[in-house]
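Trainee:
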Amino acid sequence: MSRSILEMRGITKIFPGVVALDEVDLDVARGEVHAVVGENGAGKSTLMKILSGAYERDAGSIFLNGQPADISAPADAIRQGIGIVYQDLPLVPSLTVLANIYLGREETGRLGRIDRARHLSRYERLCDSFGIYLPPDSRIRDLTVAERQLVEILKVLDRDAQVIVMDEPTATLDQNAKQALFQTVRQLQAAGKSFIFITHFIDEIFEIADRVTVLKDGCRVDTLEIDQTRPQEVVALMIGHSPREMFPDKTGAASSTPILQLRGIWINARIRDFSMTLHQGEILGLTGLVGSGCSDIVNLIIGNLAYDRGAVLLDGAPTRISSPYEAIKRGICLLPSDRKGSGLLLDFELAKNVSLSSIEKISPRQVIQFQRERRIAAQFIEKLRIVTPSARQRVRNLSGGNQQKVVLARMLRTDARILILDEPTQGIDVRAKEEIFLLMRQLADQGKAILFISSEFKEIAGVADRGIVLRNGAITAALDRNDISETRLVAAATML
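Convert by adding 1285 to the 1-based position in the sequence shown; the result is the number in this note's numbering.
#1: Cutting at 6 Å between CB atoms, please list the residues of its own chain near Leu1762, excluding the five before and the five after it.
#2: Hey, quick one: how far does the alpha helix (DSSP H) through Arg1557 stretch, first residue to last?
#3: Taking just the CA atoms, how far does Thr1469 sit from Leu1411?
#4: Can you tell me where the beta strand (DSSP E) holding Asp1312 begins and where it ends?
#5: How big is the Cα-Cα spacing for Gln1434 and Glu1392?
#6: Does DSSP put Gln1352 in a helix, in a strand, or in coil?
#7: Tell me which residues share the same chain as Val1377 and place their Cβ nearer than 8 Å to its Cβ, disregarding the 5 neighbours each side in the sequence.
#8: Does the Cβ-Cβ distance between Ile1613 and Ser1577 come in under 7 Å?
#9: In angstroms, rounded to a whole number, what distance separates the CA positions of Leu1349 and Arg1390?
#10: How close, in whole Å, do the beta carbons of His1564 and Ala1746 come, if the pair is a contact with beta carbons under 8 Å?
#11: Taking the alpha carbon of Arg1751 as the reference point, which residue from Lys1535, Glu1432 and Gly1732 has its own alpha carbon closest?
#12: Within the stretch 1701 to 1751, note down every full alpha helix (DSSP H) run reaching 4 residues or more, in order along the chain.
#13: Could you give the first and the last residue of the continuous alpha helix (DSSP H) run that contains Pro1516?
#14: Does the contact criterion of 3 or more C-beta pairs under 8 Å hold for the stretch 1304 to 1322 versus the stretch 1467 to 1487?
#15: Roughly how many angstroms separate the alpha carbons of Met1286 and Gly1626, rounded to a whole number?
#16: Along the chain, where does the beta strand (DSSP E) containing Lys1298 start, and where does it finish?
#17: Specify, as a first and last residue, the run of the beta strand (DSSP E) that Arg1395 falls within.
#18: Exposed or buried, which one is Pro1621 when buried takes at least 16 other CB atoms within 10 Å?
#19: Output the boundary residues of the beta strand (DSSP E) element that contains Glu1510.
#20: Helix or strand or just coil, what does DSSP make of Leu1781?
#21: Mind reading off the beta-carbon distance from His1485 to Glu1437? Whole number of angstroms is fine, and I expect it under 8 Å.
#22: With DSSP run on the structure shown, which of helix, strand or coil describes Arg1698?
#23: Starting from Ala1476, trace the alpha helix (DSSP H) both ways and give me its first and last residue.
#24: Can you say whether Val1303 is buried or exposed, counting buried as having 16 or more other CB atoms within 10 angstroms of its CB?
#25: Have a look at Arg1756, Ala1749 and Asn1757 and flag the residue whose alpha-carbon is nearest the alpha-carbon of Ser1770.
#26: What does the alpha-carbon distance come out to for the pair Ser1423 and Lys1690?
#27: Going straight from the alpha carbon of Trp1551 to that of Arg1756, what length do you get?
#28: If you reduce the DSSP assignment to three classes, tell me which class Met1286 lands in.
#29: Does Arg1548 come out as helix, strand or coil in the three-state DSSP assignment?
#30: Which residues mark the beginning and the end of the beta strand (DSSP E) in which Ile1760 is found?
#31: Between the alpha carbons of Leu1781 and Arg1698, how many angstroms are there, rounded?
#32: I think Leu1291 touches Val1448, with their Cβ atoms under 8 Å apart; what is that distance to the nearest whole Å?
#33: Does the beta-carbon of Thr1455 have 16 or more other beta-carbons within 10 angstroms, so that it is buried, or is it exposed?
#34: So what's Met1531 in DSSP terms, helix, strand or just coil?
#35: Thinking C-alpha only, which one of Glu1341, Gly1368 and Ile1369 is nearest Ile1356?
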């Protein structure tokens, strides 16, 4: 391995009452893909925010190419060759690829007008240099998630980034898009670029990374060569013990009484003759590749999407739900896949987020009882083991796994009979996944009916009592407890 292009030594960051980072070391070699992993709250984001200049460190030093680097603001990081590709891509959907790349850095010609020809020439040279190309006049809103990531990569490359940080880059990508992204990373790696790759998917680091640094509770546990370790060893370092089986035993027996039935549902050309039955006390898995139609089924059930033909039955009686509010009134509650955009009020305190869907219960005569609201939240903090200083903490300041638990708490507060969990483990760590899977099984054993949507076939096989696979809007497999397996799910989703 060549000498380090980046060294972070003794990095310490203290927030009121919390040591977020405690003398953490990280070094990245030139042309290396270096993974950084750890549970939610381990310190990964804080370390990267210090590197990007978003946070000031309380102690420690940063060196770039062997020289001390003064990074106290994002502009300092950019100027010194640090590029960040965030999970939530900061792009303007209505603008073109070209306009987004040079937004805020426009070159002007005579009369102060933007010199598009100069931008275009620079863009084409950039693409030629790294073997990446997107039509410069494509609108961001018309691009796939993977293509939008390429726009962000091109943006940091145009600023001559030497170290590129990728924050959960594959969280919303299907297998094909992920492989395309990895191919781009390898091309840039061959050109001498270095990457810091942050992910919760342990299998990915063994596919793309050269080394991995494990953080836990704000400390660096170890740095390992990928070809000299195994996934189980990395997970053990992350959680502090050898990983047990992630999925709980399927001990319960579902009732034979159907709660929710969809019969012969058609939605335009997207969903064709879809039928399913959800019973009390069971976990029904719904899966498929991106664009398979799973999201349409979710939106139909909660009243966000109308269907053309077919029938929806609740407790055996035909029904038509016209809005999410009505769905909640009928005992159906959704944990959305986009928890930050659709599931949470990030700038509100935890207690208010928990009570959001059941506000009438603590608002006699339309007056909110704030102390009662916080007492209820405190009960869920204890029950779900939400890591937070108090019920008054802003949700924005919680880790991803704890944010997910807040949404779960709100669902449970409604006392809904039917829980729809859409990608509940997306972007959360190993321990949080274990806790959520265990909670799902406990809720099913208590009689809740759970529709579990996941693009992770292993999760469906490990958790669900039965599984339905969608491909291009049609069911390709319906598997019971004895038949469900990761291999069969993959085969049905990909038509192998």
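We put the beta carbon where it would ideally sit given N, CA and C, even for glycine.
Mentor: Let's see:
#1: On the sequence shown, position 477 is the one that residue 1762 refers to. A small correction: the amino acid at residue 1762 is Ala; Leu does not occupy that position in the sequence shown. Cβ within range, chain order: Val1754 and Ala1777.
#2: As a working note, residue 1557 is residue 272 in the sequence shown. Element bounds for Arg1557: not the alpha helix (DSSP H) but the beta strand (DSSP E), Ile1556 to His1564.
#3: In the sequence shown, the residue the question calls residue 1411 occupies position 126. In the sequence shown, the residue the question calls residue 1469 occupies position 184. Answer to the nearest angstrom: the Cα atoms are 14 Å apart.
#4: The count along the sequence shown starts at 1 and reaches residue 1312 at position 27. It spans Val1303 to Ala1314 - the beta strand (DSSP E) in which Asp1312 sits, taken as one unbroken run.
#5: Start at 1 with the first residue of the sequence shown, and residue 1434 comes out as number 149. Start at 1 with the first residue of the sequence shown, and residue 1392 comes out as number 107. For Gln1434 and Glu1392, the distance between alpha carbons rounds to 24 Å.
#6: Within the sequence shown, residue 1352 is the residue found at index 67, counting from 1. Here Gln1352 sits in strand by DSSP.
#7: Taking the sequence shown and counting its residues from 1, one reaches residue 1377 at position 92. So the qualifying residues of the chain are Ala1384, Asn1385, Leu1388 and Ile1425.
#8: As a position in the sequence shown, residue 1613 is number 328, starting the count at 1. As a position in the sequence shown, residue 1577 is number 292, starting the count at 1. Cβ distance not < 7 Å, so Ile1613 and Ser1577 don't count as in contact.
#9: Along the sequence shown, one-based indexing puts residue 1349 at 64. Along the sequence shown, one-based indexing puts residue 1390 at 105. Here the alpha carbon of Leu1349 sits roughly 24 Å from the alpha carbon of Arg1390.
#10: To locate residue 1564, count along the sequence shown from 1; it is residue 279. To locate residue 1746, count along the sequence shown from 1; it is residue 461. Contact doesn't hold; Cβ gap of about 19 Å is too wide.
#11: Here residue 1751 is taken as the residue at index 466 of the sequence shown, counted from 1. Comparing Cα positions, the closest option is Lys1535.
#12: Annotation note: the stretch 1701 to 1751 contains the following uninterrupted alpha helix (DSSP H) runs of length 4 or greater, listed N- to C-terminal: 1715 to 1730 and 1742 to 1748.
#13: If you number the sequence shown from 1, residue 1516 lands on position 231. For Pro1516, the enclosing alpha helix (DSSP H) begins and ends at Pro1516 to Ile1524.
#14: Because the criterion of three Cβ pairs below 8 Å is met, the stretch 1304 to 1322 and the stretch 1467 to 1487 touch.
#15: Reading the sequence shown from its first residue, position 1 is the one you call residue 1286. Reading the sequence shown from its first residue, position 341 is the one you call residue 1626. Because the pLDDT at Met1286 is just 42, under 50, the model does not fix this residue reliably, and the point stays unresolved.
#16: Taking the sequence shown and counting its residues from 1, the one referred to as residue 1298 is at position 13. Boundaries of the beta strand (DSSP E) around Lys1298: Ser1289 to Phe1300.
#17: Counted from its first residue, the sequence shown places residue 1395 at position 110. It is not in any beta strand (DSSP E) - Arg1395 carries neither H nor E in the DSSP assignment.
#18: Position 336 of the sequence shown, counted from the first residue, corresponds to residue 1621. Pro1621 is buried by the Cβ-count criterion.
#19: Residue 1510 sits at position 225 when you count from the first residue of the sequence shown. Its beta strand (DSSP E) spans residues Cys1504 to Glu1510.
#20: Locating residue 1781 in the sequence shown gives position 496, counting from the first residue. At Leu1781, the pLDDT of 49 sits below 50, so the modelled position is not reliable and the matter cannot be decided from this model.
#21: The count along the sequence shown starts at 1 and reaches residue 1485 at position 200. The count along the sequence shown starts at 1 and reaches residue 1437 at position 152. Contact between His1485 and Glu1437 is ruled out by a C-beta separation of about 20 Å, above the 8 Å threshold.
#22: Residue mapping note: residue 1698 aligns to position 413 of the sequence shown, counting from 1. Arg1698 falls in the helix class under three-state DSSP.
#23: As a first step, residue 1476 must be located in the sequence shown, where it is residue number 191. In the DSSP assignment, Ala1476 falls outside any alpha helix (DSSP H), carrying neither H nor E.
#24: Taking the sequence shown and counting its residues from 1, one reaches residue 1303 at position 18. Val1303 counts as exposed, since fewer than 16 other C-beta atoms from the protein chains shown sit within 10 angstroms of its C-beta.
#25: For this step, residue 1770 is matched to residue 485 along the sequence shown. Answer by Cα proximity: Ala1749.
#26: The residue given as residue 1423 occupies position 138 in the sequence shown. The residue given as residue 1690 occupies position 405 in the sequence shown. Using only the alpha carbons, I get a separation of about 38 Å.
#27: If you number the sequence shown from 1, residue 1551 lands on position 266. If you number the sequence shown from 1, residue 1756 lands on position 471. Rounded to whole angstroms, the separation of the alpha carbons of Arg1756 and Trp1551 is 14 Å.
#28: Position 1 of the sequence shown holds residue 1286. Residue placement at Met1286 is poorly supported in this model, since its pLDDT is 42, which falls under 50; the coordinates still yield a value, given next. Three-state result, Met1286: coil.
#29: Here residue 1548 refers to the residue found at position 263 when the sequence shown is read from its first residue. DSSP, read as helix, strand or coil, puts Arg1548 in strand.
#30: The residue labelled residue 1760 in the question sits at position 475 within the sequence shown. Run containing Ile1760: Ala1759 to Leu1764, per the beta strand (DSSP E) assignment.
#31: Start at 1 with the first residue of the sequence shown, and residue 1781 comes out as number 496. Start at 1 with the first residue of the sequence shown, and residue 1698 comes out as number 413. For Leu1781, the pLDDT reaches just 49, beneath the cut-off of 50, and the residue's location in the model is therefore unreliable, although a value from the coordinates is still provided. The straight-line gap separating the alpha-carbon atoms of Leu1781 and Arg1698 is approximately 42 Å.
#32: Here residue 1291 corresponds to residue number 6 of the sequence shown, with the count starting at 1. Here residue 1448 corresponds to residue number 163 of the sequence shown, with the count starting at 1. At roughly 5 Å, the Cβ-Cβ gap stays under 8 Å, so Leu1291 and Val1448 are in contact.
#33: Translated into the one-based positions of the sequence shown, residue 1455 becomes position 170. Buried is the call here.
#34: Counting from 1 along the sequence shown, the entry for residue 1531 is found at position 246. Coil, per DSSP.
#35: On the sequence shown, position 71 is the one that residue 1356 refers to. Nearest Cα to Ile1356 within the set Glu1341, Gly1368 and Ile1369: Glu1341.
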